[in-house]
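J.:
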Amino acid sequence: MPNDGWVSGWMTGGDAAGVLAAAGIGLRAPHVQEVITTRPPVGWLEVHAENYLGGGPALRGLDQIRRDYPISLHGVGLSLGSAEDLDARHLLRLAALVERIEPVLASEHLSWSVTGGVYLNHLLPLPYTEESLEIVCRHVDQAQVALGRQILVENPSSYLRFAHSPIPEPEFLIELARRTGCGLLCDVNNIYVSAHNLGFDAVAYVDALPPEFVREIHVAGHARNDADGLTILIDDHGSRVSSEVWKLYAHAVAHLGPVATLVEWDTDIPVLNVLLAEACVADGLLYRARPRTPHGAPA
Amino acid sequence: MAPLRELQAAFRDALLGGPTAAAAAPHILGDGLTPEARLEIYRHHVFTTLTAALQATYPVVCRLVHEQFFRYAADQYLRAHPPAGPCLFEYGSSFPAFLADFESCRHLRYLPDVARLEWALNSATYAEEFAPLDPMVLSQLPGDDLPGLPLRLDPSLSLLSSPWPIDQIWEVNQPNADSEAVVDLASGGVYLEVRRIGDDAVFRALDPAPYAFRRVLSQGACLADAAGVAFETDSAFDLSQALRDLFAEQLLVHHGVAARGQEEG
Chain A
12 MPNDGWVSGW
22 MTGGDAAGVL
32 AAAGIGLRAP
42 HVQEVITTRP
52 PVGWLEVHAE
62 NYLGGGPALR
72 GLDQIRRDYP
82 ISLHGVGLSL
92 GSAEDLDARH
102 LLRLAALVER
112 IEPVLASEHL
122 SWSVTGGVYL
132 NHLLPLPYTE
142 ESLEIVCRHV
152 DQAQVALGRQ
162 ILVENPSSYL
172 RFAHSPIPEP
182 EFLIELARRT
192 GCGLLCDVNN
202 IYVSAHNLGF
212 DAVAYVDALP
222 PEFVREIHVA
232 GHARNDADGL
242 TILIDDHGSR
252 VSSEVWKLYA
262 HAVAHLGPVA
272 TLVEWDTDIP
282 VLNVLLAEAC
292 VADGLLYRAR
302 PRTPHGAPA
Chain X
-7 MAPLRELQAA
3 FRDALLGGPT
13 AAAAAPHILG
23 DGLTPEARLE
33 IYRHHVFTTL
43 TAALQATYPV
53 VCRLVHEQFF
63 RYAADQYLRA
73 HPPAGPCLFE
83 YGSSFPAFLA
93 DFESCRHLRY
103 LPDVARLEWA
113 LNSATYAEEF
123 APLDPMVLSQ
133 LPGDDLPGLP
143 LRLDPSLSLL
153 SSPWPIDQIW
163 EVNQPNADSE
173 AVVDLASGGV
183 YLEVRRIGDD
193 AVFRALDPAP
203 YAFRRVLSQG
213 ACLADAAGVA
223 FETDSAFDLS
233 QALRDLFAEQ
243 LLVHHGVAAR
253 GQEEG
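Residue numbers (the working numbering), protein chains in the order written: chain A, 12 to 310; chain X, -7 to 257.
This is how it looks when you write it as structure tokens:
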């Protein structure tokens, strides 16, 4: 039983499934002051860890906000899929931030950004091979030990397939969770975008994910770009969640249960109320996905 | 299939340019496009993100050279100096030096110094916070120890000088500046102190002797050495006033004592 001693061994930073069976929003710089002053009614907030590894007003703002909201730390720079070792200094800084902020969730991506010490500041694709699986497992183990807690690993948005990539992505993620005790962050928009770009069945992908591994869901908007006559969907987090992605999300929570859901918006960031309205949509769908009592009311 | 390490090196070269750039495409399926067109989607994102990061750190440089030229310079810079860490606010420390050697803007001789000022402001914004040193700490030392004591200055502090009026150039290129304002480039140079006060990164001009004193101290020298350089700069340098100013301005901090959130006091 590969799970034994691992899943139960990692602190998850609180009852993520219970406390956070609500929608949150990605907190971005233009909204920080407004959130501090107005304390909008939203279940929780997620921030990009790399924006808070310095000192100054950014970190001070987060110190303040964490007193009012559960915080999720979402890393974008650990590069779990790099063939080379994790950046030890970066891991130490992340560990210090985790200790300071005490996040309810901490997550990273199934991707790589670093090679030869050069950071490409993007979530680059991995071929899904035994070699990659061993590398990512080793790095997730190392990160969970350094941070002293479970991390969640997010499925990427993809724009290409490797010629040799024999393990299907959901299978790769499930095996990663089994071997390391990490949880999964199911980005529904990424599944939708990748399914379109690479030609796989988004619903079958969602159905392949075991509910017991998925502790967080992301939704976001995407853009449609033309590339030499072919439509490519770009995961730009620059618009409202599309109706197709909401449909896939409704299917996902029906299958996975009411999982903590985050609305992300990173380019052309709108006023805070637009994000809060998107979070309300997610809350409505989450409510419908709650387990039912014998009389049909949500438990 | 190449080992992952080789594939990732080839992928990097395909994005940034490099000796193994052509080695990535054979491992990628076109699926209706060329493998190169698919790599281009990733390359575009990387360049857009890093150019935006440089623009955020160097808005005045961007305004001085116009956005299109800035994008060209950023493109050249990030190929030659890609990030060595994951935090975008830490990217671009060598951009001022790059601009100084960049043939296409060499006629803008003040530009690298304006860039240095913007980097100092960026560093001040994100510098770690340390508790200010209590003057009582020094009074508890035996008097003989004071001259040889290395003092630690606020890590948000930078001291930079320029033969150009870069403070005025910066001011008139702020979004809310008077659009009619002109800077006389012949008006002379400046000695600037940049630091964070509260939430804001700010700068001001110093006289040459206090500037020299603080600059030498900031390099880790002891009080006696810093005072020596200040006296060489200006024989009328007032050491006791300069010391009082360091405390009054909370420029001295405790060694290794980082300030925590307010709740920890």
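Glycine included, C-beta positions come from ideal geometry on N, C-alpha and C.
In this structure, how does DSSP classify Pro302 of chain A when only helix, strand and coil are distinguished?
T.: coil
J.: Pop quiz: Phe205 of chain X and Ala234 of chain X are said to be a contact at Cβ under 8 Å. What is the actual Cβ separation, rounded to whole angstroms?
T.: 5 Å
J.: When DSSP builds the beta bridges, which residues end up paired with Tyr183 of chain X?
T.: X:Ser153
J.: Can you say whether Asp212 of chain A is buried or exposed, counting buried as having 16 or more other CB atoms within 10 angstroms of its CB?
T.: exposed
J.: For Glu57 of chain A, report the span of its beta strand (DSSP E) as first-last.
T.: Taken as a continuous stretch (DSSP letters only), the beta strand (DSSP E) holding Glu57 of chain A covers Leu56 to His59.
J.: Report yes or no: is there a C-beta of chain X within less than 8 Å of the C-beta of Phe183 of chain A?
T.: no
J.: Just the chain A side, please: which residues come within less than 7 Å of Gly9 of chain X by C-beta, in chain order?
T.: Per Cβ cutoff of 7 Å: no residues; Gly9 of chain X is ~12 Å from chain A at best.
J.: Please report the distance separating the alpha-carbon of His262 of chain A from that of Leu220 of chain A.
T.: Straight-line measurement puts the Cα of Leu220 of chain A at about 12 Å from the Cα of His262 of chain A.
J.: Determine the chain A residues that contact Arg4 of chain X at a beta-carbon separation under 8 Å, and present them in chain order.
T.: Thr126, Gly127, Val129 and Leu131
J.: Assuming the contact rule is C-beta atoms closer than 8 Å, Leu145 of chain X and Ser210 of chain X should be a hit. Round their C-beta distance to whole Å, please.
T.: Sure, about 5 Å apart at Cβ, within 8 Å.
J.: Residues in the same chain with beta-carbon distance under 6 Å from Ile36 of chain A, minus the five sequence neighbours each way, listed in chain order, please.
T.: Val53, Val274, Leu286 and Ala290
J.: Give the residues of chain A in contact with Thr43 of chain X, contact being defined as C-beta atoms less than 7 Å apart.
T.: Per Cβ cutoff of 7 Å: no residues; Thr43 of chain X is ~11 Å from chain A at best.
J.: Consult DSSP for Ile178 of chain A and reduce its assignment to one of helix, strand or coil.
T.: coil
J.: Using a C-beta cutoff of 8 Å, does Leu108 of chain A count as contacting chain X?
T.: Not one chain X Cβ lies under 8 Å of Leu108 of chain A.
J.: For Ile245 of chain A, which three-state DSSP category applies?
T.: Strand, per DSSP.
J.: Would you give the residue range spanned by the alpha helix (DSSP H) that Arg207 of chain X belongs to?
T.: Pro200 to Ser210
J.: Report yes or no: is there a C-beta of chain X within less than 8 Å of the C-beta of Gly67 of chain A?
T.: yes
J.: So for Gly35 of chain A, helix, strand or coil by DSSP?
T.: Here Gly35 of chain A carries a strand assignment [DSSP, helix/strand/coil].
J.: Go to Leu144 of chain A, then tell me how far its alpha helix (DSSP H) extends in each direction, as first and last residue.
T.: Glu141 to Leu158
J.: Taking only beta-carbon atoms, is Ile33 of chain X less than 8 Å away from chain A?
T.: yes
J.: With three or more beta-carbon pairs closer than 8 Å as the criterion, would you say the region 105 to 112 of chain X touches the region 43 to 53 of chain X?
T.: yes
J.: Compare the C-alpha of Cys79 of chain X against each of A:Asp96, A:Arg104 and A:Lys258 and name the closest.
T.: A:Arg104
J.: Between the Cα of Arg(-3) of chain X and those of A:Arg149, A:Val164, A:Glu142 and A:Ser205, spot the shortest distance and give me the residue it belongs to.
T.: Comparing Cα positions, the closest option is A:Glu142.
J.: Could you work out which residue in A:Tyr130, A:Pro81, A:Ser118 and A:Leu73 is closest to Glu95 of chain A when comparing CA atoms only?
T.: Of the residues A:Tyr130, A:Pro81, A:Ser118 and A:Leu73, the one whose Cα lies closest to the Cα of Glu95 of chain A is A:Tyr130.
J.: What residues match up with Pro142 of chain X in a beta bridge as DSSP calls it?
T.: Beta-bridge pairing links Pro142 of chain X to X:Cys214.
J.: Assign Ala265 of chain A to one of three DSSP states: helix, strand, or coil.
T.: Note: Ala265 of chain A maps to helix in three-state DSSP.
J.: Quick one: using the 10 Å Cβ neighbour count with 16 as the cut-off for buried, is Gln161 of chain A buried or exposed?
T.: When all chains shown are included, Gln161 of chain A counts as buried.
J.: Could you tell me if Thr49 of chain A is buried or exposed, where buried requires 16 or more neighbouring beta carbons within 10 angstroms of its beta carbon?
T.: exposed
J.: Name the chain A residues that come within less than 8 Å of His246 of chain X, Cβ to Cβ?
T.: Ordered by position in chain A, no residue passes the 8 Å Cβ test against His246 of chain X, which lies about 14 Å from the chain.
J.: Can at least three beta-carbon pairs, one atom from the region 125 to 141 of chain X and one from the region 76 to 84 of chain A, be found at a separation below 8 Å?
T.: no
J.: Answer with yes or no whether the minimum CB distance from Leu113 of chain X to chain A is below 8 Å.
T.: no
J.: Mind listing the chain X neighbours of Glu255 of chain A? Cutoff is C-beta to C-beta under 8 Å, in chain order.
T.: The premise fails here: Glu255 of chain A is roughly 21 Å from chain X at the closest Cβ pair, so nothing lies under 8 Å.
J.: How would you write the range of the alpha helix (DSSP H) that Arg100 of chain A sits in, first residue to last?
T.: Ala99 to Ile112
J.: By the criterion of Cβ-Cβ separation under 7 Å, what are the contact partners of Gly24 of chain X in chain A?
T.: What Gly24 of chain X touches in chain A, judged by beta-carbon distance under 7 Å, is Leu241, going in chain order.
J.: I'd like to know if Phe211 of chain A contacts chain X, where contact means its C-beta is closer than 8 Å to some C-beta of that chain.
T.: no
J.: Quick one: list the residues of chain X neighbouring Trp123 of chain A, beta-carbon separation under 7 Å, in chain order.
T.: Gln0
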